[in-house]
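Presented below is the structure to which this report refers.
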Amino acid sequence: MSRIARAETARISLATPCRLLLAVAGAASLAACAQSPVGRQKADLAAPGRQAVVERPHRLAALHPHPTSRARAVGGDAKQTASHGVASFYSDTETASGEKFDKNELTAAHPTLPFGTKLRVTDTSSGRVVTVRVNDRGPFVRGRVVDISPSAAEALGMVDKGITNVRLEVVQ
Numbered sequence: 001m002s003r004i005a006r007a008e009t010a011r012i013s014l015a016t017p018c019r020l021l022l023a024v025a026g027a028a029s030l031a032a033c034a035q036s037p038v039g040r041q042k043a044d045l046a047a048p049g050r051q052a053v054v055e056r057p058h059r060l061a062a063l064h065p066h067p068t069s070r071a072r073a074v075g076g077d078a079k080q081t082a083s084h085g086v087a088s089f090y091s092d093t094e095t096a097s098g099e100k101f102d103k104n105e106l107t108a109a110h111p112t113l114p115f116g117t118k119l120r121v122t123d124t125s126s127g128r129v130v131t132v133r134v135n136d137r138g139p140f141v142r143g144r145v146v147d148i149s150p151s152a153a154e155a156l157g158m159v160d161k162g163i164t165n166v167r168l169e170v171v172q
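Note that the sequence shown covers residues 1 to 172 in full-length UniProt numbering.
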């Protein structure tokens, strides 16, 4: 066998394991993506003929951080009276309380407050205020303290921004 033939054979024999290794690494990477929650969620949304359904997780404490600050009532009462954080607005078809979602009502989703609680939401940058009624659970995005309905977002002037810093106060 000539030197050129031996060199070509050595190059081919070395390239085969490298290609095999790259194929295995690529397959493992794709398998990891398929196992991630984002991959499963995209697969659920891409299924033909199915309406997209977003399931709300039941482990609120693990997904929702604590508000950035809390004010306590005078006298050591443990009831939360005010908090600060980021608000966003949302739309849904049905609320966790069982009501049908109405974008024209002044409602909100809060992770822990009882349904029916009235909240005064104040945009800290503009000073605009709106009072909403808690009728849903959420938000399920890290760093957010409340989700409000589109009509409440319009009252705060945050529709174009999408999110804003707010102060929440329990009214009733």
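Even for Gly, the Cβ is constructed at its ideal location relative to N, Cα and C.
Item                                                                                                                                    : Value
Quick check on glutamate 169: does DSSP put it in helix, strand or coil?                                                                : strand
Cα-Cα, which of Arg142, Gly157 and Glu169 is closest to serine 149?                                                                     : Gly157
Since valine 134 contacts alanine 108 with CB under 8 Å, what's their CB separation in whole angstroms?                                 : 5 Å
Give the single residue among Gly127, Phe89 and Pro17 whose Cα lies nearest to the Cα of aspartate 160.                                 : Phe89
Where do the N-terminal and C-terminal ends of the alpha helix (DSSP H) with leucine 156 fall, by residue?                              : 150-156
Would you kindly report the start and end of the unbroken beta strand (DSSP E) that includes alanine 109?                               : 107-109
What whole-angstrom Cβ distance do glutamate 169 and arginine 120 have, given they're in contact under 8 Å?                             : 4 Å
Using the Cβ count rule (16 or more neighbours within 10 Å means buried), how would you classify serine 29?                             : exposed
Roughly how many whole angstroms lie between the Cα atoms of threonine 16 and alanine 23?                                               : 11 Å
Got a sec: does the ligand NAP put a non-hydrogen atom nearer than 8 Å to the Cβ of valine 134?                                         : Although the ligand NAP was asked about, the structure shown includes no ligands whatsoever.
Give me the Cβ distance between arginine 137 and alanine 96, rounded to the nearest whole Å; I'm assuming they're in contact under 8 Å. : 4 Å
Exposed or buried, threonine 164, counting other C-beta atoms within 10 Å across all chains shown (16 or more means buried)?            : buried
Can you grab the Cα-Cα spacing for the pair glutamine 41 / valine 141, in whole Å?                                                      : Annotation note: pLDDT 47 at glutamine 41 (below 50); position unreliable, coordinate value reported separately. Those two C-alpha atoms are separated by around 15 Å.
Taking the alpha-carbon of threonine 112 as reference, which of Cys18, Val130 and Pro139 has the nearest alpha-carbon?                  : Pro139
Let me check one thing: in DSSP terms, what residues is aspartate 123 bridge-paired to?                                                 : Val166
Have a look at the DSSP bridge pairing and note the partners of serine 88.                                                              : Asp147 and Ile163
Check the DSSP bridge columns for threonine 131 and list the partner residues they point to.                                            : Arg120
Out of Val145, Lys100, Pro114 and Ser151, which has the shortest C-alpha to C-alpha gap to valine 130?                                  : Ser151
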